[in-house]
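Trainee: Here it is, the structure, as structure tokens.
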Amino acid sequence: MAWKRVERVEGDDPLGQCSWCQKEAAEDQELFGLNATLLDTPLSPPVEKEAYFIELEIPEGSGRLKKIRGMVTGADSPAREEGVDLIIVICSRECGSKLKSNLEKWLSGWIKELSG
Ligand SMILES: [Zn+2]
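Now the structure itself:
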């Protein structure tokens with residue numbers, strides 16, 4: 000499954016938006032993170048000193064692709080120390096479980112574990 004690096008665009012906060020339903024979070028809304036531990040394969044996004052954003056495309060049915068944004072954690076970050084390589088922001092448990100089942104289906108080649 001393909002992924003590509005995305006640069007952070009000003010005024011566009013990938014961490015302030017649900018990766019599944021694409022809704023912007025309200026000021027006081029609590030967002031959740033889906034934490035992924037990745038397999039060490041050539042398909043996986045590489046570890047770098049600084050965190051960076053990537054975009055994944057997963058089939059959504061009827062031939063369309065859904066774009067999912069995630070953050071690859073930095074090499075020395077506390078998250079990575081806990082085994083979290085990729086964080087994907089979601090707004091609700093419902094979005095989380097939909098995203099989770101799709102990622103498990105489409106990204107099984109490089110996701111070792113998915114939690115949250
Ligand atoms: Zn959502």
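At position 87 of the sequence shown the residue is numbered 86 (numbering that gives the first Met the number 0), and the sequence of numbers has no breaks.
By construction, the Cβ of each residue, glycine as well, lies at the ideal position given by its N, Cα and C atoms.
#1: To the nearest angstrom, how far is the alpha carbon of E122 from that of I86?
#2: Nearest CA to the CA of L30: which residue from T36, Q16, K104?
#3: Ligand 1 heavy atoms versus the CB of W190: any closer than 8 angstroms?
#4: Check A78 in the structure and name its three-state DSSP category.
#5: Judging by CA-CA distance, which residue of D84, N101, L33 is the nearest neighbour of S43?
#6: Would the beta-carbon of I89 be found less than 8 angstroms away from any heavy atom of ligand 1?
#7: Taking the DSSP output, what are the residues bridged to K136?
#8: Beta-carbon separation of W99 and E54 under 9 angstroms?
Mentor: Per the coordinate set shown:
#1: Examination of residue 122 is not possible in this model, given that the chain is present from 0 through 115 alone.
#2: The shortest C-alpha separation from L30 is found at Q16.
#3: The chain is shown only over 0 to 115; residue 190 falls outside these bounds and no answer can be derived.
#4: The answer is helix: DSSP assigns A78 an H, G or I state.
#5: For S43, the nearest C-alpha among the options comes from D84.
#6: Result yes, Cβ under 8 angstroms from ligand 1.
#7: Only positions 0 to 115 of the chain appear in the structure, and residue 136 is not among them; the question remains open.
#8: Note that residue 99 is Lys in the sequence shown here, rather than Trp. In terms of Cβ geometry, K99 and E54 do not form a close pair [threshold 9 angstroms].
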